[in-house]
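J.: Okay, handing you the structure first.
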Ligand SMILES: NC(=O)c1ccc[n+]([C@@H]2O[C@H](COP(=O)([O-])OP(=O)(O)OC[C@H]3O[C@@H](n4cnc5c(N)ncnc54)[C@H](OP(=O)(O)O)[C@@H]3O)[C@@H](O)[C@H]2O)c1
C-alpha cells in the first residue's frame, strides 16, 4: 500500500522509522512527503532513507496527485479551534478517494461527522486512533471489540502538561516551574497555555464524544475551566488532605443528548484518575453491559503515537 505523508515532524519521523522496522510483515511504501518549510519529496519507488526534499508542491492537491498513493497520513500541526489546515488536507485526500489516517485531533474535535460522511461517500476509511490517548486503543477498541455495549459516559484525565504542573507545585515549585518542566519534557502543545487553560482536554473530550456518542460538538461548546488560577497555597492545602488536582473531561448521556464539561477537579490520591501521573493518560468508560472499565497509557511518547497511526494503517491493509 502506497502512503502520502502530510507533515514530517516528530510523529511523521517516528512513523517512518516504524514502517522501516516492520516492512517485511507490513508492505507499505511512502511515495510522497509534504511539509510546510522543508518542501516536498516524491519517489514512486518508495522513500526509504532521509527524504530528498525539493521545492514545496504548490498545493496539497498537487502533492497528492504527484504521490499517487492509496492512503494519506495527516500529521500536521494542531489548530484546536479551526482544525485547519488538517481538515482541508483530509478533504483533498477523500476527494481523490484515498483512505485517511491522522493523529491530529483538530479535525475530529471540530468536523468529525462531516468528514466521516465524506469518507463513507468516497467508499474509503478514515482512522484517527492516536488523537486522544497517544496510540493506546480507544476508538478501535469500541469499533472492534464491544458488540452491543452502550456507552453511557466517560471520565478522562488526558492532559499531561497540567499533571506535570500540579506535581511540580506539590513538590514546592511554582506554576511557571511546572510549565517549564512540561516544556522541557516536550509534552506541551502551543507553549503550554492551551493545555493549562483546558483546551487540550476540551478538544479530546469533544473528539471522544463526537465519535463514540455522536455528540456533534466543538471544543468551544464545552464548558471548560483549566488549572491556570491554581495557587501554590491551594495545591499544598489539597495535598495535606491526601488529595490532588487533575484536569478531568467528563461526558454523560442525558435524555436530551450528551452533557460535557472539562474542569480542574480535586481527587483522592487513590482515585484511578489521580494515579495516572506525569505524561500518563487514563480514561474510564461507563457502560450499560460492561460497567466501568478503562484504558491507561503510562508515559506515552512519540513512538506510541506513531504506533497508533501504524495500527490504523495496518487495519487498512487487512481491508
Ligand atoms: N507529538 C506527539 O506525541 C503527538 C501525540 C498525539 C498527537 N499528536 C498530533 O500529531 C500531529 C503532529 O505532531 P508532531 O509532534 O509531529 O508535530 P511537529 O513536530 O510540529 O510537525 C508538524 C509537521 O507538519 C508540517 N506542517 C505544518 N503545517 C503544514 C502545512 N500547512 N502543510 C504541510 N505540512 C505542514 C510541518 O512542516 P515543517 O517540518 O516544514 O515545519 C512538520 O513537518 C499534531 O497534530 C499533534 O497534535 C502528536
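In the working numbering, the protein residues as written are 2 to 320.
Beta carbons: idealized from backbone N, C-alpha and C, even for Gly.
Use the C-beta contact count for residue 294: other C-beta atoms within 10 angstroms, 16 or more gives buried, fewer gives exposed.
T.: Reading the chain shown from its first residue, position 293 is the one you call residue 294. It counts as exposed.
J.: With a CB to CB cut of under 6 Å and the five nearest residues on each side skipped, what residues in its chain are close to residue 305?
T.: Locating residue 305 in the chain shown gives position 304, counting from the first residue. For residue 305, where only same-chain residues beyond five positions count, the Cβ hits under 6 Å are 135 and 136.
J.: Do residue 203 and residue 223 have their C-beta atoms within less than 8 Å of each other?
T.: Here residue 203 corresponds to residue number 202 of the chain shown, with the count starting at 1. Here residue 223 corresponds to residue number 222 of the chain shown, with the count starting at 1. A contact, by the Cβ cut-off of 8 Å.
J.: Measuring only the C-alpha atoms, how far is residue 206 from residue 261?
T.: Within the chain shown, the letter at position 205 stands for residue 206. Within the chain shown, the letter at position 260 stands for residue 261. Approximately 8 Å, taken between the alpha carbons.
J.: Starting from residue 269, follow its DSSP beta bridges and name the residues at the other end.
T.: What you label residue 269 is simply residue 268 of the chain shown in a count that begins at 1. 244, per the DSSP bridge assignment.
J.: Hey, is the segment 158–173 in contact with the segment 137–147, meaning 3+ C-beta pairs nearer than 8 Å?
T.: No, because fewer than three Cβ pairs between the segment 158–173 and the segment 137–147 fall closer than 8 Å, the two stretches do not touch.
J.: Using only alpha-carbon positions, find the residue among 60, 25, 65 and 158 that is nearest to residue 44.
T.: By one-based count along the chain shown, residue 44 stands at place 43. Residue 65 is the option with its Cα nearest to residue 44.
J.: Which residue marks the beginning of the beta strand (DSSP E) containing residue 286, and which one marks its end?
T.: Indexing the chain shown from 1 puts residue 286 at position 285. Unbroken beta strand (DSSP E) run through residue 286: 282–288.
J.: May I have the straight-line CA-CA distance separating residue 116 from residue 7, to the nearest angstrom?
T.: Locating residue 116 in the chain shown gives position 115, where the first residue counts as 1. Locating residue 7 in the chain shown gives position 6, where the first residue counts as 1. So the alpha carbons of these two residues sit roughly 17 Å apart.
J.: From the DSSP output, in three-state form, read off residue 311 for me.
T.: Counted from its first residue, the chain shown places residue 311 at position 310. In the structure shown, residue 311 sits in a helix (DSSP, three-state: H, G or I).
J.: Closest to residue 265 by C-alpha separation, out of 133, 254, 244 and 61, would be which residue?
T.: The sequence position of residue 265 within the chain shown is 264, counting from 1. Of the listed residues, the one whose Cα sits closest to residue 265 is 244.
J.: Verify whether the separation of the beta carbon atoms of residue 95 and residue 62 is less than 8 Å.
T.: If you number the chain shown from 1, residue 95 lands on position 94. If you number the chain shown from 1, residue 62 lands on position 61. Cβ distance not < 8 Å, so residue 95 and residue 62 don't count as in contact.
J.: Can the beta-carbon of residue 101 be found closer than 8 Å to that of residue 109?
T.: Along the chain shown, one-based indexing puts residue 101 at 100. Along the chain shown, one-based indexing puts residue 109 at 108. It is not a contact, given that the beta carbons lie outside the stated cut-off.
J.: Starting from the C-beta of residue 288, find all residues in its chain whose C-beta is less than 7 Å away, skip the five residues before and the five after it, and write them out in chain order.
T.: Within the chain shown, residue 288 is the residue found at index 287, counting from 1. Only 150, 151, 152 and 153 meet the Cβ criterion.
J.: For residue 84, name the three-state secondary structure that DSSP assigns.
T.: Here the question's residue 84 lines up with position 83 in the chain shown. Residue 84 falls in the coil class under three-state DSSP.
J.: Rounded to whole angstroms, how far is the Cβ of residue 225 from the Cβ of residue 111, which I believe are closer than 8 Å?
T.: As a working mapping, residue 225 is identified with position 224 in the chain shown. As a working mapping, residue 111 is identified with position 110 in the chain shown. Contact flag wrong, Cβ pair sits at about 15 Å.
J.: What do you get for residue 247, buried or exposed, if any count of 16 or more other CB atoms within 10 angstroms of its CB means buried?
T.: Position 246 of the chain shown holds residue 247. Residue 247 should be labelled buried.
J.: Any heavy atom of ligand 1 inside 7 Å of the beta-carbon of residue 141?
T.: For this step, residue 141 is matched to residue 140 along the chain shown. Every heavy atom of ligand 1 is 7 Å or more from the Cβ of residue 141, so no.
J.: Since residue 154 is in the beta strand (DSSP E), which residue starts that stretch and which ends it?
T.: Counted from its first residue, the chain shown places residue 154 at position 153. Where residue 154 is concerned, the enclosing beta strand (DSSP E) stretches over 152–158.
J.: Given that a residue counts as buried once 16 or more other Cβ atoms are within 10 Å of its Cβ, and exposed if not, what is residue 1?
T.: The chain is shown from 2 up to 320; residue 1 falls before or after that span and cannot be answered.
J.: Give every residue of the same chain whose Cβ lies closer than 8 Å to the Cβ of residue 263, excluding the five residues on either side of it in the sequence, and list them in chain order.
T.: Counting from 1 along the chain shown, the entry for residue 263 is found at position 262. Counting only Cβ-Cβ distances below 8 Å, and skipping sequence neighbours, we find 199, 202, 203, 206, 223, 224, 225, 226, 227, 248, 249, 250 and 251.
J.: Bridge partners of residue 101, per DSSP?
T.: Working through the chain shown from its first residue, we reach residue 101 at position 100. Its beta-bridge partners are 73 and 127.
J.: For residue 278, which of helix, strand or coil comes out of DSSP?
T.: In the chain shown, the residue the question calls residue 278 occupies position 277. Coil, per DSSP.
J.: Using the three-state DSSP reduction, which class does residue 175 fall into: helix, strand or coil?
T.: On the chain shown, position 174 is the one that residue 175 refers to. Coil.
J.: Could you pull out every residue in the same chain whose Cβ sits closer than 7 Å to the Cβ of residue 186, ignoring the five residues on either side in sequence?
T.: Numbered from 1 along the chain shown, position 185 holds the residue referred to as residue 186. If we look at residue 186 and ignore the five residues flanking it on each side, its Cβ neighbours are 165 and 280.
J.: Who are residue 3's beta bridge partners in DSSP?
T.: As a working mapping, residue 3 is identified with position 2 in the chain shown. Answer is 30.
J.: My guess is that residue 31 and residue 113 are in contact by the Cβ rule of under 8 Å, so how many angstroms apart are they, rounded?
T.: For the purposes of this step, residue 31 is taken as the residue at position 30 of the chain shown. For the purposes of this step, residue 113 is taken as the residue at position 112 of the chain shown. That pair is no contact at about 26 Å.
J.: For ligand 1, I want to know if residue 122 counts as a neighbour, meaning its beta carbon is within less than 7 Å of at least one of the ligand's heavy atoms.
T.: For this step, residue 122 is matched to residue 121 along the chain shown. Every heavy atom of ligand 1 is 7 Å or more from the Cβ of residue 122, so no.
J.: Quick one: using the 10 Å Cβ neighbour count with 16 as the cut-off for buried, is residue 79 buried or exposed?
T.: Within the chain shown, numbered from 1, the residue matching residue 79 stands at position 78. Result: buried.
J.: What residue from 195, 277, 36 and 3 has the CA that sits closest to residue 157's CA?
T.: By one-based count along the chain shown, residue 157 stands at place 156. Among 195, 277, 36 and 3, the Cα nearest to that of residue 157 belongs to 277.
J.: What whole-angstrom Cβ distance do residue 194 and residue 184 have, given they're in contact under 8 Å?
T.: For the purposes of this step, residue 194 is taken as residue 193 along the chain shown, with counting starting at 1. For the purposes of this step, residue 184 is taken as residue 183 along the chain shown, with counting starting at 1. About 11 Å; that fails the 8 Å criterion.
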